[in-house]
Structure formats: C-alpha cells, structure tokens
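Participant: Quick one: structure below, then a few questions.
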Amino acid sequence: GEDVEQSLFLSVREGDSSVINCTYTDSSSTYLYWYKQEPGAGLQLLTYIFSNMDMKQDQRLTVLLNKKDKHLSLRIADTQTGDSAIYFCAERRAGGGNKLTFGTGTQLKVEL
Amino acid sequence: EAGVAQSPRYKIIEKRQSVAFWCNPISGHATLYWYQQILGQGPKLLIQFQNNGVVDDSQLPKDRFSAERLKGVDSTLKIQPAKLEDSAVYLCASSDRAGAISGNTIYFGEGSWLTVV
C-alpha cells in the first residue's frame with residue numbers, strides 16, 4: 056500500500072512532552088524520517104531511524120519504531136513554543152531509489 | 032554550506048497560463064527531486080533526477096508538466112497549461128546519493144508557492 060497515516064492535530068502545554076504518531080504500510084521500508092515544516096518554510100529533517108533499530112534518541116527527540124505493527128512515533132521532551140509546526144513522517148522503501156513517501160502531517164500547537 | 036535555492040518564491044497565474052520554477056541544488060549533490068505539496072497534504076514526488084537522467088517520473092502529469100536538468104546541476108519545472116488544482120507548493124530537494132545504504136539525507140528548499148486563479 057501507499058498510505059502513511061498521521062493524526063491531524065496535537066495540542067500540548069509548554070514544558071510537557073509531545074508524542075506524534077505515524078503508521079505505515081510497507082514492510083520493506085528501510086529508513087523512516089521525521090521532518091518539521093514551519094509556516095511558509097520548506098521541510099527540515101529532524102531525525103531518522105534505520106528499520107533494524109527500535110529506538111533513537113537525539114537531545115529532546117526520541118524516535119520509537121515498532122516494525123511489527125508498522126508504527127513510528129516522535130517524542131519531543133520539554134516542548135517549547137518554537138516547536139509549533141507541522142511534523143511529517145516519511146518512509147524510504149527498499150528498491151525505491153531514494154524516494155520518500157510522506158504522511159499527511161501532524162500540526163503541533165504548543166500553548167502557554 | 033548554501034542550501035537548496037528555489038525561485039520564484041510566490042507566483043499567481045490564471046488557469047491555462049504557463050509557469051516555470053527554477054532550482055539550484057546543494058553543490059555536489061547528484062540527485063535532485065521535485066515534490067508537489069497541496070495544502071493540507073504531505074509532499075508527493077513528481078520527478079527524481081540522478082545527474083541529468085530521470086530516475087522516477089511515474090507521478091508526473093506529463094500532459095502538462097515537464098522538467099529538465101540539462102547539465103546535471105540546476106533544474107526547471109514547467110507547467111503548461113496550468114489548472115486550478117495545480118495550486119500547491121513545489122518543493123525542490125537534493126541529496127548526494129540515491130539508494131545509498133546509509134541514512135541518506137534529503138535537503139529541501141523553501142518551496143515555490145503557486146496559486147492558479
């Protein structure tokens with residue numbers, strides 16, 4: 056299948072943790088990515104995880120991968136107002152060159 | 032290091048007119064991509080170049096869209112004639128290798144915003 060699915064919205068209070076979820080359908084995915092898009096801007100790569108890993112941590116970001124359930128999540132610790140943006144997960148499939156298939160994006164709103 | 036450059040940033044045209052977007056990838060990057068991002072959706076790959084050859088153009092509407100990368104560096108994406116549903120952000124991206132085993136990073140430009148009225 057082609058679908059990479061995400062929930063549309065997430066609202067959190069400043070200082071709390073945010074968890075953004077993503078499900079994908081292709082078990083041949085080799086790498087999974089998280090991109091951030093601020094208003095009027097392009098896509099900024101936040102982090103990625105190789106499909107044989109379960110977890111990757113990078114400062115405030117923690118990526119969890121459940122390959123059996125084809126579920127990916129991004130946890131942002133101590134969420135700040137500057138984290139407000141749209142977050143996209145994307146998968147790269149084996150044999151697909153370097154083509155990325157993106158999810159629909161999750162809009163994160165951080166409230167004071 | 033300079034990022035992916037795109038122009039124009041914004042364009043408004045009437046339906047049935049034509050438009051062209053330009054992209055300059057990061058220096059040395061062999062692979063160049065054009066993605067279309069419709070409002071409220073994730074980006075969708077239109078075409079992928081490796082140097083000046085096309086790797087994937089399966090989702091490019093070839094009756095109206097064309098793209099070229101003649102010298103393996105800069106690229107142009109053209110739409111002629113434009114339709115209302117072509118209103119979107121056109122994102123150019125580049126990477127240094129395609130299909131690499133390592134986590135090959137794709138870098139995106141800020142996009143060209145097209146409104147067709």
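Residue numbers (the numbering used here), protein chains in the order written: chain W, 56 to 167; chain F, 32 to 148.
No residue lacks a Cβ here, since even glycine has one placed at the ideal position from N, Cα and C.
#1: Checking contacts by CB at 8 Å: is residue 159 of chain W closer than that to chain F?
#2: Going by C-alpha to C-alpha distance, which of W:82, W:66, W:76 and W:74 sits closest to residue 123 of chain W?
#3: For the candidate residues F:35, F:53 and F:34, whose alpha-carbon lies nearest to that of residue 41 of chain F?
#4: Would you please state the rounded distance, in angstroms, between the beta carbons of residue 19 of chain W and residue 70 of chain W? I believe it to be under 8 Å.
#5: May I ask you to report which of helix, strand or coil DSSP gives residue 29 of chain W?
#6: Could you list the residues in the segment 86-107 of chain W with a C-beta less than 7 Å from some C-beta on chain F, going in chain order?
#7: Does the segment 135-151 of chain W come close enough to the segment 75-84 of chain F that 3 or more CB-CB pairs lie under 8 Å?
#8: Measure the alpha-carbon distance for residue 86 of chain F versus residue 105 of chain W and round it to whole angstroms.
#9: Against chain W, does residue 67 of chain F count as a neighbour if the rule is that its beta carbon must be under 8 Å from one of theirs?
#10: Counting along the chain, where does the beta strand (DSSP E) carrying residue 110 of chain F start and finish?
#11: On a CA-only basis, which of F:64, F:147, F:45 and F:120 is nearest residue 136 of chain F? Give me that one, please.
#12: Check each residue of the segment 91-108 of chain F: if its Cβ is closer than 7 Å to any Cβ of chain W, include it; give the result in chain order.
#13: From this set, F:43, F:142 and F:46, which residue's C-alpha is nearest residue 55 of chain F's C-alpha?
#14: Quick one: residues in its chain with C-beta nearer than 7 Å to the C-beta of residue 139 of chain W, no 5 flanking neighbours on either side, listed in chain order?
#15: Residue 136 of chain F versus chain W: which residues are under 7 Å apart at the beta carbon?
#16: I want to verify the contact list: residues of chain F whose CB lies under 9 Å from the CB of residue 111 of chain W, in sequence order.
#17: Please go through the same chain and pick out, in chain order, the residues whose beta-carbon is closer than 7 Å to the beta-carbon of residue 83 of chain F, but skip the five residues on each side of it.
#18: Under the assumption that residue 67 of chain W contacts residue 89 of chain W (Cβ atoms under 8 Å), give the Cβ distance between them as a whole number of angstroms.
#19: So which residues of chain W does residue 72 of chain F contact, with C-beta pairs closer than 9 Å?
#20: Once the 5 residues before and after residue 60 of chain F are set aside, which same chain residues still bring their CB inside 7 Å of it?
Facilitator: According to the structure shown:
#1: yes
#2: W:82
#3: F:53
#4: Absent from the structure is residue 19 of chain W, since the part of chain W shown begins at 56 and ends at 167.
#5: The first residue shown for chain W is 56 and the last is 167, placing residue 29 of chain W beyond what the model contains.
#6: 86, 96, 97, 98, 100, 103 and 105
#7: no
#8: 23 Å
#9: no
#10: 106-110
#11: F:64
#12: none
#13: F:142
#14: 163, 164 and 165
#15: 100
#16: Correct list: empty, because the minimum Cβ distance to chain F is about 10 Å.
#17: 100, 101, 102 and 103
#18: Not a contact, Cβ separation roughly 16 Å.
#19: 157, 159 and 160
#20: 125, 126 and 127
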